[in-house]
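Student:
There are 2 protein chains.
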Amino acid sequence: MRARPYATTNPHRLAAALLQVAARSGLDSASVREVASEAGVSIGAVQHHFPTKDEMLAFAFRALADRVLGRLSSTDPDIDPSRTLFAALSQLLPLDEQRASEAQVMAAFAVRAATSPPLGAIRHATLFTMRTGLSAVLIRMGTPEPETRATLLLAAVNGLALDAIASPALYPPEFLTHSLHTQIQLALADG
Amino acid sequence: MRARPYATTNPHRLAAALLQVAARSGLDSASVREVASEAGVSIGAVQHHFPTKDEMLAFAFRALADRVLGRLSSTDPDIDPSRTLFAALSQLLPLDEQRASEAQVMAAFAVRAATSPPLGAIRHATLFTMRTGLSAVLIRMGTPEPETRATLLLAAVNGLALDAIASPALYPPEFLTHSLHTQIQLALADG
């Protein structure tokens, strides 16, 4: 019987290790060597699952985007649509430790997507899904210019997250939630 | 007479070279070696001006932030405040090649600022200056909640820029300018 040296890990565990390294030290630090060390496996075990760093990054970005999109789309619809929008969009703000890590790594991937076509394709699909979902809510409500206002809701949240991760003192959680409530109120206004 | 091997370059020229490398290949690629090659000088010449990569990055980030803030603050005030706001904030959107490069590198610095205290301090000061300037305009106009709405104007623009750099097909220039006009209109609404 042959040994199965890679049976102790799997791509999802390696992606989780990559996200931990990236949240702590930035995405640049998420090398194959660092990810192996974080996951407690050999470099060969990482390379077995991901022959190149680009493949490892793409898998981790898709896993992160899927996790966040899953939370967004499983938001329970409230009788008040502004509360439904708040529950969904607050998933993207750094309001606790987990969301702060996610926001930071999502922004890092978004930046890297500008110079990496495979990551760009994942980013594009994620933004498209989010914008379409938000537009659908605004269309059902009869909001003027639903497509533009959905884009602005998403942009305001992504921008608040980007601004907050580097300057938490300027963006405490209660200010972030108040700002999101205000943007939703503006987006749902008539005229 | 001694040779002056570093007289052919200066920190500003090196910062410009760094921004070119970062816009083309990402901020990770902006190593001392790459910046020296882009500027056509020796690695020693770069190290003479910037003993560490962190110092080089901080100088380049400050130079970029100063350039963008300079353009924002030199916007001619229009009789219509929404036009003044548009002229200032459109400086931050990737509406032409120069602003696209700037937006991409600004976002890359913003992400890196989350894990680098010296870059974080520059990002903090830049955001504070922008938010304060926008608040002042809204306060003069008697807009409700000027501080929150100024934060949202800035966040929406930073978010649009972040979303557009990785997905230009979802964010063509005319859609970006329309979205900015809409956000300004929402920010200036009563109630």
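Line order of the protein sequences matches chains A and B. For the first sequence, our numbering assigns the number 1250 to the last residue and increments by one with no breaks. For the second sequence, our numbering assigns the number 1250 to the last residue and increments by one with no breaks. In this text, a Cβ means the ideal position worked out from N, Cα and C, and glycines have one as well.
#1: Cβ-heavy atom distance between B:Leu1239 and the ligand SAH below 8 Å?
#2: Are A:Ala1166 and B:Ala1119 closer than 9 Å when you measure CB to CB?
#3: Do you know how far the Cα of A:His1240 is from the Cα of A:Val1091?
#4: Pick helix, strand or coil for B:Gly1085, following the three-state DSSP scheme.
#5: Compile a chain-ordered list of the residues in the region 1107-1121 of chain A whose CB is closer than 9 Å to at least one CB of chain B.
#6: Going by the beta-carbon positions, is the gap between A:Ala1209 and A:Leu1197 smaller than 9 Å?
#7: In chain order, what residues of the same chain lie with their CB nearer than 8 Å to the CB of A:Gln1163, ignoring the 5 residues before and after it?
#8: Of the residues B:Phe1168, B:Leu1211, B:Ala1095, B:Pro1231, which one's Cα is nearest the Cα of B:Asp1155?
#9: Compare the beta carbon distance of A:Leu1229 and B:Phe1187 with 9 Å and say whether it is the shorter of the two.
#10: Taking Cβ positions only, does B:Gly1201 come closer than 9 Å to chain A?
#11: If the cut is a Cβ gap below 7 Å, which residues of chain A does B:Ala1215 touch?
#12: Would you verify that the beta carbon of B:Leu1229 is, or is not, closer than 9 Å to some beta carbon of chain A?
#13: So, at 8 Å on beta carbons, what are the nonlocal neighbours of A:Ser1088 in its own chain, with the 5 sequence-adjacent residues on each side left out?
#14: Three or more beta-carbon pairs under 8 Å between the region 1068-1075 of chain B and the region 1132-1152 of chain B, yes or no?
#15: Who are the Cβ neighbours of A:Met1115 in its own chain at under 6 Å, not counting the five residues just before and after it?
#16: Measuring only the C-alpha atoms, how far is B:Arg1121 from A:Leu1212?
#17: Within 9 Å (strictly less), CB to CB, does B:Ser1101 reach chain A?
#18: At the level of alpha carbons, what is the spacing between A:Ser1141 and A:Thr1207?
#19: A:Ala1062 by DSSP, collapsed to three states: which one?
#20: For B:Leu1123, which option in B:Pro1205, B:Gln1242, B:Thr1185, B:Leu1219 has the closest C-alpha, if you only look at C-alpha atoms?
#21: For B:Arg1199, does the count of other Cβ atoms within 10 angstroms reach 16, so buried, or fall short, so exposed?
#22: State the Cα-Cα distance for the pair B:Ala1098 and A:Leu1245, rounded to the nearest angstrom.
#23: Listed from N- to C-terminal order along the chain, which residues in the region 1142-1167 of chain A have their beta-carbon within a distance smaller than 8 Å of any beta-carbon of chain C?
#24: For A:Arg1130, I'd like the list of residues in its chain whose CB is within less than 6 Å of its CB, leaving aside the five on either flank, ordered along the chain.
#25: Taking Cβ positions only, does B:His1237 come closer than 9 Å to chain A?
#26: Could you tell me the alpha carbon to alpha carbon distance between B:His1107 and B:Glu1093, rounded to whole angstroms?
Tutor: Put simply:
#1: Annotation note on the ligand SAH: not contained in the displayed structure, which lists no ligands.
#2: Taking 9 Å as the cut-off, the Cβ atoms of A:Ala1166 and B:Ala1119 do not count as close.
#3: 41 Å
#4: Reduced to three states, the DSSP call for B:Gly1085 is coil.
#5: none
#6: Using a Cβ distance threshold of 9 Å, A:Ala1209 and A:Leu1197 count as a contacting pair.
#7: Cβ-Cβ distances below 8 Å link A:Gln1163 to Ala1081, Ala1082, Pro1153, Ile1224 in the same chain, with the five nearest sequence neighbours on each side left out; the list follows chain order.
#8: B:Pro1231
#9: Yes, the Cβ-Cβ distance between A:Leu1229 and B:Phe1187 is below 9 Å.
#10: no
#11: Leu1211, Ala1214, Ala1215, Gly1218
#12: yes
#13: Val1080, Ala1081
#14: no
#15: Taking C-beta separations shorter than 6 Å and ignoring five residues to either side along the sequence, the partners of A:Met1115 in its chain run Phe1109, following chain order.
#16: 30 Å
#17: Answer no: the Cβ-Cβ gap between B:Ser1101 and chain A never drops below 9 Å.
#18: 17 Å
#19: Summary for A:Ala1062: the model assigns pLDDT 49, below 50, so the residue's position carries little reliability, and this model does not support an answer.
#20: B:Thr1185
#21: Exposed, because fewer than 16 other Cβ atoms sit within 10 Å of the Cβ of B:Arg1199.
#22: 47 Å
#23: Chain labels in this structure do not include chain C; the protein chains are A and B.
#24: Gln1150
#25: yes
#26: 15 Å
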